[in-house]
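Protein chains: 2
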Amino acid sequence: MFFDKLGIGLDKPDLNDLQDKLLEAKKKFIDEKLGFKRLPYEYETLKKDLDRVRKLTEQMDTIVVIGIGGSDLGTRAIQRAINGLYYNQKTTEDDRHSKNIYFSGDTTDPEAIAELLDVINLSKTTFFVVSKSGNTVEQASTFAYYRDLIIKKNLKPQDHFIFLTDGVTGTLRELATKEGYEAFEVPSDVGGRFSVLSTVGLIPAYLVGVDVEAMLKGAQDLDEEIKKSKDKMDDILEYVGLKYLYYKGGKNISVMMPYQYGLYEFAKWYQQLWAESIGKKVDLEGNVVHEGQTPVAAVGPVDQHSQLQLYNEGPNDKVLTFIRAEDSRKNIDLPEDYTGAEAFEFLKGHNFHELLNYEQETSAFSLTQNGRPNATLSIPKVDEYHLGQLFYFFEVAVSYFGNLININTFDQPGVELSKNAMYGVLGKKGFDEVKEAFDKYKSS
Amino acid sequence: MFFDKLGIGLDKPDLNDLQDKLLEAKKKFIDEKLGFKRLPYEYETLKKDLDRVRKLTEQMDTIVVIGIGGSDLGTRAIQRAINGLYYNQKTTEDDRHSKNIYFSGDTTDPEAIAELLDVINLSKTTFFVVSKSGNTVEQASTFAYYRDLIIKKNLKPQDHFIFLTDGVTGTLRELATKEGYEAFEVPSDVGGRFSVLSTVGLIPAYLVGVDVEAMLKGAQDLDEEIKKSKDKMDDILEYVGLKYLYYKGGKNISVMMPYQYGLYEFAKWYQQLWAESIGKKVDLEGNVVHEGQTPVAAVGPVDQHSQLQLYNEGPNDKVLTFIRAEDSRKNIDLPEDYTGAEAFEFLKGHNFHELLNYEQETSAFSLTQNGRPNATLSIPKVDEYHLGQLFYFFEVAVSYFGNLININTFDQPGVELSKNAMYGVLGKKGFDEVKEAFDKYKSS
Chain H
0 MFFDKLGIGL DKPDLNDLQD KLLEAKKKFI DEKLGFKRLP YEYETLKKDL DRVRKLTEQM
60 DTIVVIGIGG SDLGTRAIQR AINGLYYNQK TTEDDRHSKN IYFSGDTTDP EAIAELLDVI
120 NLSKTTFFVV SKSGNTVEQA STFAYYRDLI IKKNLKPQDH FIFLTDGVTG TLRELATKEG
180 YEAFEVPSDV GGRFSVLSTV GLIPAYLVGV DVEAMLKGAQ DLDEEIKKSK DKMDDILEYV
240 GLKYLYYKGG KNISVMMPYQ YGLYEFAKWY QQLWAESIGK KVDLEGNVVH EGQTPVAAVG
300 PVDQHSQLQL YNEGPNDKVL TFIRAEDSRK NIDLPEDYTG AEAFEFLKGH NFHELLNYEQ
360 ETSAFSLTQN GRPNATLSIP KVDEYHLGQL FYFFEVAVSY FGNLININTF DQPGVELSKN
420 AMYGVLGKKG FDEVKEAFDK YKSS
Chain X
0 MFFDKLGIGL DKPDLNDLQD KLLEAKKKFI DEKLGFKRLP YEYETLKKDL DRVRKLTEQM
60 DTIVVIGIGG SDLGTRAIQR AINGLYYNQK TTEDDRHSKN IYFSGDTTDP EAIAELLDVI
120 NLSKTTFFVV SKSGNTVEQA STFAYYRDLI IKKNLKPQDH FIFLTDGVTG TLRELATKEG
180 YEAFEVPSDV GGRFSVLSTV GLIPAYLVGV DVEAMLKGAQ DLDEEIKKSK DKMDDILEYV
240 GLKYLYYKGG KNISVMMPYQ YGLYEFAKWY QQLWAESIGK KVDLEGNVVH EGQTPVAAVG
300 PVDQHSQLQL YNEGPNDKVL TFIRAEDSRK NIDLPEDYTG AEAFEFLKGH NFHELLNYEQ
360 ETSAFSLTQN GRPNATLSIP KVDEYHLGQL FYFFEVAVSY FGNLININTF DQPGVELSKN
420 AMYGVLGKKG FDEVKEAFDK YKSS
């Protein structure tokens, strides 16, 4: 696997005492029935969906993912890492570029909705509504609105909406059955934040030219390595072990700081994974524990000029994970000739990729000198195979971590209250009590 | 001013004991000579620069800001809030839209540089190099590279680069004088993270149609209100006072969570302001204190589906600041007719702006029910005037906060080590010692 300089910091804890517990967590993970572990092996099943969705969207030039949280963060991470920031504007020829992609449904801000409508052509757009239940207010409202627009344009909504939803139950599945919308199945035993390697992440990714087979292969190879080394310590275990010891030592913040510009959205995906999985009020025995480590998404070198001052000099309350790539898909040399700009001649002979990795190393160096724990995760380069590995790496890591602190890694009971209050405000039936509490709060 | 429901939380601290200290901080702020306090009053001076830069860029269709940290985060925040996410792709007629804008110089990732070159036309592009010194490696290297490309295209670099830099000293100023580049002055007494209302933020903003006069007016009105109420408590003081008490009570994380989609980059600007200003090793007497509160940029409702689980159930270690707008620039009603999608009829009669604010309120409600301190900052709407106020509000707030904890709010000594190590690695003269320490670290 691929960690180096792990857990550097002057107060590097000793893993020996923890080793049994770590190996136990690994064994449990391998033996446990967890839906997301299956996904890397399901390319053959997925392939049928991919062929079908390609045909269904053949006439379209744009897809819009109506998602929020676990139903779009993974897709955003893939899109940004593989296709980059300006993909929808690209002017050069590129085989990858089959359709434009946009994201909606993660806000009900009308200004954002108006902006999107300004740049897409509805009659050439397929909207993917990605929701297990179909009840999420942000997605329900944007779906209802775009659907109404489509109808008012005398287009057929069934030609412009595809659902990614539960195979059996829920509002969207019922609607699909009753009104004849195309629908793909989201695995019912995989939680949103673990669903990036399912239809949720991979159907949209496939439509923008991503090699989803390679993504699954990356995850699969990692999973097989884990199973092969069942009784042995490995990089993920060591990473989790050190992170756990630092966490128990009071480091309540976990910074994810890739240096590849395209991995910023990956860090946002990690933010959800780490926050929702670990942030829990009760442990598995029902004791009130209030566990949680606040994830921060950063990106280098940008945040050297924004956050590093704090990381180096502020309270020693965080662990940092750097991600770096050893190679670049498009390296660029610095100029040869500095005539008329001699002050910059010190850059001669270098290339940009090298600069980027120097910056990562000098940041890690300064943190280490200041006794701040940091780990560097190194991948060969940002491509589908390694991105698949990255996703799976952290899904496994958070499963181990949840096991060490004895909480349910896979639920999210703490968002029910605001969700129910929202239903109450909107007058949905059965939410009177929470509505009353909310009204009391508002008038206080 | 404009805070409401301030400092809600079951353990709301009492500000009475702190009042004298707060009023002292306010008095000190009013009396102190701080460069950034001058900026809201300098529109007349700025106007000359704006007229000049308009003429200089008349033939161009694109500007690229080569900045990093304090030299571009403010500009990004303005651009995103006022012009939105898809500004460069807009197809509809809009008087605002004079030039496209891109950002570079905040990374040396060659993949990001290649992406940018894919979507701009060099011969119609003006690059703004925004750096007081011109020595920042990220900006120096991207400038050198784009300059080389311009020359190789047989274009004149002086027609395509404008410097925003110190008025007297530094690499860029020297280059401007010697080689005849146009240059605008960045005030030498204003630090990067306080510079958004100077030429740094406002020259680029002006070129993309932002009403910069209104921005300054907003800040100015706020500043005058502060001065008028010299001896009185006010919303900023109360906000800072509560934040300070929570911080002293162990809340080492500060979440900035606007609900307007366009304010996400504003939250990133806040991240730098709060991290670099407050994160300090020593106090004003030289005692080692390691102060700092880690800022987290979030945005609602997205992060309800990513971070709220942790905020509600995890450790009670953070204070949250919500930002909401009472009105929208482009409100949209939900559909009237739900035929064929009856399950969504509960949305009828609502509009998107209303939904957005309900979501903010129900989140605040759930946090409050869980005893998590949160404050809601309410602005009438997202426009230039109120954005100017927002920037100034937090610049003042962080100045007060720094005063309360007795640190130097305006320096950033903690980034020197990595910067010097980088110069050492690149073979710049005078950095041998740090290079040696870095080499030792790498081989360890």
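Residue numbers (numbering that gives the first Met the number 0), protein chains in the order written: chain H, 0 to 443; chain X, 0 to 443. Glycine included, C-beta positions come from ideal geometry on N, C-alpha and C. Given the structure is predicted, the values throughout are model-derived calculations rather than measurements.
Check whether the Cβ of Gly166/X lies closer than 8 Å to any Cβ atom in chain H. no
So which residues on chain X does Phe343/H lean against when the C-beta distance must stay under 7 Å? Ala139, Ala143
Provide the residue(s) that pair with Phe162/H in DSSP beta bridges, ordered along the chain. Val128/H, Ala182/H
Residues of the stretch 154-181 of chain X with a CB closer than 8 Å to any CB of chain H: list them in chain order, please. Pro156, Thr170, Glu173, Leu174, Glu178
CA-CA distance, Lys47/X and Ser194/X? 18 Å
Taking C-beta pairs closer than 7 Å, name the residues in chain X that Asp105/H reaches, listed in chain order. Val301
Could you tell me which chain B residues have their CB closer than 9 Å to the CB of Lys279/X, listed as they occur along the chain? Annotation note: the requested chain B is absent from the structure, which comprises protein chains H and X.
Against chain H, does Phe437/X count as a neighbour if the rule is that its beta carbon must be under 8 Å from one of theirs? yes
For Tyr40/H, count the other beta carbons within 10 Å of its own beta carbon; 16 or more makes it buried, fewer makes it exposed. Which is it? exposed
Find the residues of chain X that neighbour Arg323/H, judging by a C-beta separation of less than 8 Å, and give them in chain order. Here the premise fails: no neighbours, minimum Cβ distance about 11 Å.
Residues that Lys329/X contacts on chain H, provided the C-beta gap is smaller than 9 Å: Pro109, Glu110, Ile112, Ala113, Glu114
Assigned exposure category for Lys261/H - 16 Cβ within 10 Å defines buried: According to the sequence as given, residue 261/H is Gly; it is not Lys. That one is buried.
Ser417/X beta carbon less than 8 Å from that of Ser365/H: yes
Using a Cβ-Cβ cutoff of less than 6 Å, which residues in the same chain neighbour Lys434/H once the five nearest sequence positions on both sides are dropped? Gly423
So, are the CB atoms of Ser140/H and Leu171/H less than 8 Å apart? no
Min CB distance Leu403/H to chain X below 8 Å: no
Buried versus exposed call for Thr320/X [16 or more other C-beta atoms within 10 Å across all chains shown]: buried
Output, in chain order, the set of chain H residues within a Cβ distance shorter than 7 Å of Pro334/X. Ala143, Tyr144, Asp147
contact_flag[the stretch 14-22 of chain H, the stretch 116-124 of chain H] where n(CB pairs < 8 Å) is 3 or more: no
Contacts of Leu355/H in chain X (Cβ-Cβ under 8 Å): Thr106, Thr107, Asp108, Pro109
Quick check on the burial criterion: 16 or more other C-beta atoms within 10 angstroms. Buried or exposed for Leu283/H? exposed
Please classify Glu43/H as buried or exposed, where buried requires at least 16 other C-beta atoms within 10 Å of its C-beta. exposed
Excluding five sequence neighbours on each side, which residues of the same chain lie with their C-beta closer than 6 Å to the C-beta of Thr275/X? Going by the sequence as given, residue 275/X is Glu instead of Thr. Arg192, Gln411.
Identify the contact partners of Met421/H in chain X, using a Cβ-Cβ distance below 7 Å as the criterion. Tyr357, Glu358, Thr361
If you follow the alpha helix (DSSP H) that Val118/X is part of, which residue opens it and which one closes it? 109-118
Kindly list the residues whose CB is nearer than 6 Å to the CB of Tyr145/X, restricted to its own chain and excluding five residues on each side of it in sequence; keep chain order. Phe126
In terms of residue numbering, what span does the beta strand (DSSP E) encompassing Asn373/X cover? 373-378
Residue range of the beta strand (DSSP E) that includes Arg37/X: Not the beta strand (DSSP E): Arg37/X falls in the alpha helix (DSSP H), residues 34-37.
Beta-carbon proximity check, Val199/H vs Leu163/H, cutoff 8 Å: yes
Among the residues of its own chain, which have a CB less than 7 Å from the CB of Ser70/X, if the five just before and after it don't count? Val129, Ser130, Gly191, Val199
Leaving out five residues before and five after Asp431/X in sequence, what residues of the same chain have Cβ atoms less than 6 Å from its Cβ? none
Identify each residue in the stretch 361-384 of chain X for which the Cβ-Cβ distance to at least one residue of chain H is less than 9 Å, and report them in chain order. Thr361, Ser362, Ala363, Phe364, Ser365, Leu366, Thr367, Gln368, Asn369, Val381
What's the gap between the Cα of Leu14/H and the Cα of Leu221/H? 23 Å
State the CB to CB distance for the pair Val295/X and Val295/H, rounded to an integer number of angstroms; the pair is presumed to be in contact (CB under 8 Å). 6 Å
Contact set between Glu237/X and chain H, taken where Cβ atoms lie within less than 7 Å: Chain H residues near Glu237/X: none, gap ~17 Å exceeds 7 Å.
Own chain residues within Cβ distance below 7 Å of Asp230/X, not counting five before or after: Leu22
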